[in-house]
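For the record, the sequence lines run as chains B and G.
Start counting the first sequence at 1; every next residue gets the next number (the numbering used here).
Start counting the second sequence at 1001; every next residue gets the next number (the numbering used here).
Backbone N, C-alpha and C fix where the C-beta goes; we use that ideal spot for every residue, glycine too.
Data block below; observations after.
There are 2 protein chains.
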Amino acid sequence: MAILTRLLERAPQRLPGSPGYEEAARACLDEMRGIGLRAWTESAAVSRWVRGAGESAASAVFLGRRAADRLVLRAAALGLSEPTPAAGLEAPVVEARSFEELASLGDRVRGAIVFFNHPMDRTRLDTFSAYGEAAAFRTRGASEAARLGAVAVLVRSLTLRLDEAPHAGVVTYDPALPRIPAAAVATLDAEALSARLAAAPGSRVRLRLDCRNEPPGEAPIVVGQWDGTERPEEVIILAGHLDAWDLSPGAHDDGAGCAQAMEAMRILKALGLRPKRSLRVVLFPDEEYGAGAGKIYAASPRRRGEKILAAMESDRGGFLPLGFGLGSDAAFDRLKVWEPVLRACGIQWVRPGGGGSDVGPLAEQGVVTMGFIPDNQRYFDHHHSALDVLAAVHPRELELGAIVEAVMAYVLAQEGI
Amino acid sequence: MAILTRLLERAPQRLPGSPGYEEAARACLDEMRGIGLRAWTESAAVSRWVRGAGESAASAVFLGRRAADRLVLRAAALGLSEPTPAAGLEAPVVEARSFEELASLGDRVRGAIVFFNHPMDRTRLDTFSAYGEAAAFRTRGASEAARLGAVAVLVRSLTLRLDEAPHAGVVTYDPALPRIPAAAVATLDAEALSARLAAAPGSRVRLRLDCRNEPPGEAPIVVGQWDGTERPEEVIILAGHLDAWDLSPGAHDDGAGCAQAMEAMRILKALGLRPKRSLRVVLFPDEEYGAGAGKIYAASPRRRGEKILAAMESDRGGFLPLGFGLGSDAAFDRLKVWEPVLRACGIQWVRPGGGGSDVGPLAEQGVVTMGFIPDNQRYFDHHHSALDVLAAVHPRELELGAIVEAVMAYVLAQEGI
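Given below as structure tokens:
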């Protein structure tokens, strides 16, 4: 908890390529050196985007027919969104709960703001499954709407709760289509907007987003290594992503994963253990924009002389540890034998299937990737919103994650894979 | 979540035998009938105890040597504690972290207030194990101190956090020893008290508790039954305890367990299912005082004509479901086959070993007892304190518990055991 607390205090803003991210990288280098790791950075090209200083509670306003219908929508530009014209734009709103419904709207979409109001499916046990399904409207919605002539999109926030906070996240533009502005709307306001639209179809929304995409830049991948005593050339990676959305300090996403990787090293050092193989913390700079740095890291010439055996990633929040998902079936057979050891520190299972956005590209090189999988029932309550703060992290849950990462890392360092 | 919300709104105070408990019983009868259960009550003798109206933030004050040393301790009388004299008492404080340390204090205990400052062991993965170990000072501490001549005890609250809230719970007096007053002290104040005592040994505390033990009374065990279609005489029990400590509405302990048992019935009704055997919700009135009503229920003549097959209890809070612990090895072999079904709704395991305070006495009659076991990392944050409120319950976690109870109940109703 101490490492996460220090990181969030020192670098609460960590958009890729931003000054805040640079400070976070320095904070982690200091942390790693304090633990006794050799620490360095490797540079990666990253997209850069800035939320407008003028974005406020009045960026999106439902106008309705009469003054009394006016409703300020709590909204936030999606990451990498284009801005509206400086004066804002105003257009009728059409609501769609699916891409099929969007298609059925036909000509009504032209010149309109499309409001994607697809709730996450709360009947699914796995909230990531519900997220994956609903996220299509956030990522692809703008281009699908632009294809039909829409001028902007509003997207219902991706959370299972009804709350007042817009939950951001990335929008992905189809290069062949106009790049129209896109914003997330808090779920409570999505419900209210839907009701008012039903009562007054064709009502207008005024939207003003002054975010901007800047020229691509560079951002450091932050690395800290503990050289093995017997086979230092063989490396086990513990990964997280140091970038975070700007609406909060990103305590769970993914401050927790970064802190756990470093904390796991601290624990093993404090126990006086001597890993035979090298343990390496790697913190990536642009998972939220699509994890381009993960590809850059895997493809770097620096990887040529290295023998990376395994790479585990923690990017599902600092919640109660449940299991590990392994990216390779062969590794599953090999690691299954360690289940009792992991069980003793609270892990319920080791399963095939898993990895992580940032370590994924390493799998293509034969590296065994694995995802640390905590409980996810509360994850999307906070995700990508102003609610993802330190107070939302339970110290025991966070620390148990660091402990199981430490155990898994040490098993791999001593036994290989 | 709706059932729990209604219960806590209507009956936030549920000490055994109190008017608040009576209201809770009526609320649950209404709830059960609304679900479509046959509902009734069975009476049980219970102890009755009332916290004093005068108990306040100034009930326990560390006096120190100078006025500046004065420290108001956030404290609360333990349940079933005797009061102090009406004017309060004042005595030097001696600190003990263990019963061994208490014994070593010898004559210094006579006439003193013993301050048991034994923290829960945060290195244990299972917080109930840490609780069980540390709870000895709360339950037995007063009598152990009285044996050496102490006039009262202060007990460090049983929580893994440092907080400002006294966490209450029952004190158990040895009938052969003087019944001295006992109070819990918030962990932050326990730390402060320990530091001030170290700086000024022999300092005094003024304690005033106006709680009182009243003559034993009667309280209803609340029962709701859904008669089976084929073997109505065979019964599966879903249990919780309706009583709660008075410092909060007892949302997790055990409002959650009561609500889950009723919600499980509601779910099965809503699905249009027709259980072959009878399902029965039983809500007990005095778990916190030692679960005497569980013994009364098991021994009641009404049980003679019944064939209770199994009794499951939820009394570990409304947290993420992890497993079921079974009180009988034979039942384990029988129920193990249903693990895949339970897994589909989030259960990680079914294990031998388990039950519950209230259903325990039924095990002696051959009933298969089982405990619903959710995650316990956050349980003691709230337990027995003013922090055990509805806002501390996560709707998805609570509802998942109801779902797995419904599945387990339905499997037992259809397949027997």
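Residue-level contact to chain G via CB, residue i, 8 Å cutoff
i               : result
L125 of chain B : yes
G346 of chain B : yes
H394 of chain B : yes
V160 of chain B : Reading off the sequence, residue 160 of chain B comes out as Leu, not Val. Taking Cβ atoms only, chain G reaches closer than 8 Å to L160 of chain B, which makes this a yes.
E133 of chain B : no
L320 of chain B : yes
CB contact flag (residue i, residue j, <8 Å)
i                : j                : result
G1240 of chain G : L1273 of chain G : no
A183 of chain B  : L209 of chain B  : yes
P1285 of chain G : P1016 of chain G : yes
R1351 of chain G : L1335 of chain G : no
E95 of chain B   : L197 of chain B  : yes
G1294 of chain G : S1357 of chain G : yes
T1187 of chain G : T1229 of chain G : no
L148 of chain B  : P181 of chain B  : no
S203 of chain B  : L73 of chain B   : no
E1214 of chain G : V1050 of chain G : yes
F372 of chain B  : E306 of chain B  : no
P1220 of chain G : T1041 of chain G : yes
R1212 of chain G : T1172 of chain G : no
H1384 of chain G : G1054 of chain G : no
V368 of chain B  : L309 of chain B  : yes
L1125 of chain G : G317 of chain B  : no
F1397 of chain G : F1332 of chain G : A small fix is needed here, since residue 1397 of chain G is Glu in this sequence, not Phe. Going by C-beta atoms, E1397 of chain G is not nearer than 8 Å to F1332 of chain G.
Residue-chain proximity (residue i, chain B), Cβ-Cβ < 8 Å
i                : result
E1095 of chain G : no
L1273 of chain G : no
Q1377 of chain G : yes
L1283 of chain G : no
E1397 of chain G : yes
L1015 of chain G : no
Sequence-distant residues of the same chain with beta carbon closer than 7 Å to residue i, five excluded per side
i                : result
A1402 of chain G : Q1260, E1263, A1264 and I1267
H118 of chain B  : R97, S98, A134, F137 and R156
L1232 of chain G : What sits at residue 1232 of chain G in the sequence shown is Pro, not Leu. If we look at P1232 of chain G and ignore the five residues flanking it on each side, its Cβ neighbours are S1278.
A39 of chain B   : L29, M32, R33, V223 and G224
Extent of the continuous alpha helix (DSSP H) run through residue i
i                : result
A1199 of chain G : T1187 to A1199
G1257 of chain G : G1257 to A1270
L362 of chain B  : G360 to A363
Y379 of chain B  : Y379 to H382
Opening and closing residue of the beta strand (DSSP E) in which residue i lies
i                : result
M370 of chain B  : V368 to P374
A1409 of chain G : Premise fails: A1409 of chain G lies in the alpha helix (DSSP H), P1395 to E1415, not in any beta strand (DSSP E).
L1207 of chain G : R1204 to L1207
V72 of chain B   : L71 to L73
P1352 of chain G : W1349 to P1352
A244 of chain B  : It is not in any beta strand (DSSP E) - A244 of chain B carries neither H nor E in the DSSP assignment.
L1061 of chain G : First, the amino acid is wrong: residue 1061 of chain G is Val here, not Leu. Its beta strand (DSSP E) spans residues A1060 to F1062.
Close beta carbons around residue i, own chain, < 6 Å, minus the five adjacent residues each side
i                : result
F1092 of chain G : Reading off the sequence shown, one finds Pro at residue 1092 of chain G, where the question assumed Phe. Counting only Cβ-Cβ distances below 6 Å, and skipping sequence neighbours, we find A1112, G1202 and R1204.
A1075 of chain G : S1059, A1060, P1166, A1183 and V1185
L1390 of chain G : L1008 and A1251
S1143 of chain G : Y1173, D1174 and L1177
Q1414 of chain G : K1276
R1304 of chain G : none
A447 of chain B  : For chain B, the structure presents residues 1 to 417; residue 447 of chain B sits outside this window and is missing.
L1052 of chain G : Residue identity differs from the one stated: residue 1052 of chain G is Gly in this sequence, not Leu. Same-chain partners within the cutoff: D1210 and C1211.
Close Cβ partners of residue i (< 8 Å) along its chain, the five nearest in sequence each way excluded
i                : result
R1006 of chain G : A1027 and E1031
E1364 of chain G : A1298
>> Could you tell me which whole beta strand (DSSP E) segments of length 3 or greater appear in the region 277 to 345 of chain B?
In response: Runs found: 277 to 284, 307 to 313 and 321 to 326.
**Message:** Ignoring anything shorter than 3 residues, give me the beta strand (DSSP E) runs that lie fully in the region 210 to 234 of chain B, in order along the chain.
**Reply:** DSSP assignment within the region 210 to 234 of chain B yields the following whole beta strand (DSSP E) runs of 3 residues or more, N-terminal first: 212 to 226.
With a floor of 4 residues, list each alpha helix (DSSP H) that falls wholly inside the region 9 to 58 of chain B, ordered by position along the chain.
Counting whole runs of 4 or more residues, the region 9 to 58 of chain B contains the alpha helix (DSSP H) stretches 19 to 35.
Exercise. What alpha helix (DSSP H) runs, 4 residues minimum, are completely inside the region 1087 to 1171 of chain G?
Worked result: Secondary structure remark: continuous alpha helix (DSSP H) runs of at least 4 residues inside the region 1087 to 1171 of chain G, in chain order: 1099 to 1105, 1127 to 1139 and 1141 to 1147.
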